[in-house]
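Undergrad: Submitted below is the structure of interest, expressed as structure tokens.
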Amino acid sequence: MSLESALLALIVLGGTAGELCITRAMKVVGEVHDFRPLALVRVFGRAMRVPWMWFGLALMGIGFFAMLAMLSLENVSFVVPMTALTFAAGAYGGSLFLGERVTPLRWAGILLVCLGVVLVVQGKG
Amino acid sequence: MRSSEGLHLKTYFLLFLMVTFGPVGDILLGKGMKTVGVPPSWTPPEILDFFLRAFASPVVWLGIGSLLTYLICYTLVLSWADFSYVQPASAIAYVIVALLGHFWLGEYVSTRRWVGIAIICVGVLLVGHTAFRTTERH
Chain R
392 MSLESALLAL IVLGGTAGEL CITRAMKVVG EVHDFRPLAL VRVFGRAMRV PWMWFGLALM
452 GIGFFAMLAM LSLENVSFVV PMTALTFAAG AYGGSLFLGE RVTPLRWAGI LLVCLGVVLV
512 VQGKG
Chain Y
652 MRSSEGLHLK TYFLLFLMVT FGPVGDILLG KGMKTVGVPP SWTPPEILDF FLRAFASPVV
712 WLGIGSLLTY LICYTLVLSW ADFSYVQPAS AIAYVIVALL GHFWLGEYVS TRRWVGIAII
772 CVGVLLVGHT AFRTTERH
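Protein chains in written order, with the numbering used here: chain R, 392 to 516; chain Y, 652 to 789.
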């Protein structure tokens, strides 16, 4: 496995798992209605007391550092579109881990996003 | 009805902030990391030196600030909306990244890559036509 492939795996899997954990934590906190700064501080204070938030941040941290390393190796307009692979992983994870209803229309949209990613990767150089 | 309109409005507003700050953060990080360069080897001291040089760059910090703003908006919208809706809906940011990469960093973007980006946009439109909350309210 090349260094680029290993970094891509960390970006996609670490990032997606992290975001799923953060979503779970925010669903525990509940819908945010008040967007004033103090209210937002309280929201994030509550979120930080949910263990899922910490798991999520740690996993996203791994994905972030992998992204930083990848950006030093490749062009940003190549690296960032490749991370669109997280959409397929995200929809699958959202359905399994969060109980979201991923309709055929939503899957179609996600598959188009993935097809777009393949073209973006092939179009490199 | 009003509550539903408010929910739509705050969802779209936060998505707008996400697709603005996310790409700008990525571009700034890309620009900053290019000046840092590739480490000669991937040994722990070299990796440490690589990250220390990265964190000494103001452009990298601006990028981190933009990405933190993106993360806050993302986290807030996930308190009510589906992850499988928000994540693909935010993919419009990929178009912005390609445009900024092309026009700001002078990176080459081939025709095939532009077609791929257009297909990503169509996918995002389809996802945008689905309900943004399919789970029970907590």
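Where a beta carbon is used, it is the ideal one built from N, C-alpha and C, also for glycine.
DSSP on Phe734(Y), reduced to helix/strand/coil?
TA: Here the question's residue 734(Y) lines up with position 83 in the second sequence. In this structure, Phe734(Y) counts as helix in the three-state DSSP scheme.
Undergrad: Does the distance from the CB of Glu410(R) to the CB of Gly481(R) come in under 8 Å?
TA: The residue given as residue 410(R) occupies position 19 in the first sequence. The residue given as residue 481(R) occupies position 90 in the first sequence. Going by C-beta atoms, Glu410(R) is nearer than 8 Å to Gly481(R).
Undergrad: With DSSP run on the structure shown, which of helix, strand or coil describes His789(Y)?
TA: For the purposes of this step, residue 789(Y) is taken as the residue at position 138 of the second sequence. The predicted model places His789(Y) with a pLDDT of 49, which falls under 50 and marks its position as unreliable; any figure quoted below should be read in that light. Note: His789(Y) maps to coil in three-state DSSP.
Undergrad: Give me, in chain order, the residues of the same chain whose beta-carbon lies closer than 6 Å to that of Gly673(Y); leave out the 5 immediate sequence neighbours on both sides.
TA: Reading the second sequence from its first residue, position 22 is the one you call residue 673(Y). Around Gly673(Y), the same chain offers Tyr721, Ala744 as residues with beta carbons nearer than 6 Å, after the five sequence neighbours per side are excluded.
Undergrad: Quick one: Cα of Ile402(R) to Cα of Thr474(R), how far?
TA: By one-based count along the first sequence, residue 402(R) stands at place 11. By one-based count along the first sequence, residue 474(R) stands at place 83. For Ile402(R) and Thr474(R), the distance between alpha carbons rounds to 7 Å.
Undergrad: May I have the straight-line CA-CA distance separating Ile768(Y) from Leu503(R), to the nearest angstrom?
TA: Taking the first residue of the second sequence as position 1, residue 768(Y) is located at position 117. Taking the first residue of the first sequence as position 1, residue 503(R) is located at position 112. For Ile768(Y) and Leu503(R), the distance between alpha carbons rounds to 10 Å.
Undergrad: Quick check on the DSSP output: the alpha helix (DSSP H) that includes Gly436(R) runs from which residue to which?
TA: For this step, residue 436(R) is matched to residue 45 along the first sequence. Unbroken alpha helix (DSSP H) run through Gly436(R): 428-439.
Undergrad: Assign Ala707(Y) to one of three DSSP states: helix, strand, or coil.
TA: Here residue 707(Y) refers to the residue found at position 56 of the second sequence. Coil, per DSSP.
Undergrad: Using a Cβ-Cβ cut-off of 6 Å (strictly less than) and excluding sequence neighbours within five positions of Gly752(Y), which residues of its own chain qualify?
TA: Locating residue 752(Y) in the second sequence gives position 101, where the first residue counts as 1. If the five residues before and after Gly752(Y) are omitted, its C-beta is found closer than 6 Å to the C-beta atoms of Glu758, all from its own chain and listed in chain order.
Undergrad: Check Asp425(R) in the structure and name its three-state DSSP category.
TA: By 1-based counting over the first sequence, the position of residue 425(R) is 34. In the structure shown, Asp425(R) sits in coil (DSSP, three-state: anything other than H, G, I, E or B).
Undergrad: Can a CB atom of chain R be found closer than 8 Å to the CB of Gly676(Y)?
TA: As a first step, residue 676(Y) is located in the second sequence; it is residue number 25 there, counting from the start. With 8 Å as the cut-off, Gly676(Y) does not count as an interface residue toward chain R.
Undergrad: Enumerate in chain order the residues of its own chain whose CB-to-CB distance from Met461(R) is below 6 Å, with the five nearest sequence positions on each side excluded.
TA: Numbered from its first residue, the first sequence carries residue 461(R) at position 70. Excluding residues within five positions, the ones whose Cβ falls inside 6 Å are Leu398, Val470.
Undergrad: Hey, how far is the Cα of Met652(Y) from the Cα of Val493(R)?
TA: Indexing the second sequence from 1 puts residue 652(Y) at position 1. Indexing the first sequence from 1 puts residue 493(R) at position 102. Confidence at Met652(Y) is low in this model, with a pLDDT of 47, below 50, so the placement of that residue is unreliable and no value is reported for it.
Undergrad: May I have the straight-line CA-CA distance separating Glu422(R) from Ser730(Y), to the nearest angstrom?
TA: Looking up residue 422(R) in the first sequence gives position 31. Looking up residue 730(Y) in the second sequence gives position 79. Those two C-alpha atoms are separated by around 5 Å.
Undergrad: Measuring only between beta-carbons, confirm whether Arg492(R) sits less than 8 Å from chain Y.
TA: Taking the first sequence and counting its residues from 1, one reaches residue 492(R) at position 101. Chain Y, which has a Cβ nearer than 8 Å to the Cβ of Arg492(R), makes this yes.
Undergrad: Determine which residues of the stretch 768-782 of chain Y have a Cβ less than 9 Å from any Cβ of chain R, and write them out in chain order.
TA: From the stretch 768-782 of chain Y, only Ile768, Ala769, Ile770, Ile771, Cys772, Val773, Gly774, Val775, Leu776, Leu777, Val778, Gly779, His780, Thr781, Ala782 have a Cβ closer than 9 Å to chain R.
Undergrad: Would you grab the beta carbon distance between Trp443(R) and Val419(R) for me? Rounded to a whole angstrom, and I think it's under 8 Å.
TA: For the purposes of this step, residue 443(R) is taken as the residue at position 52 of the first sequence. For the purposes of this step, residue 419(R) is taken as the residue at position 28 of the first sequence. The Cβ separation is near 7 Å, so the contact holds.
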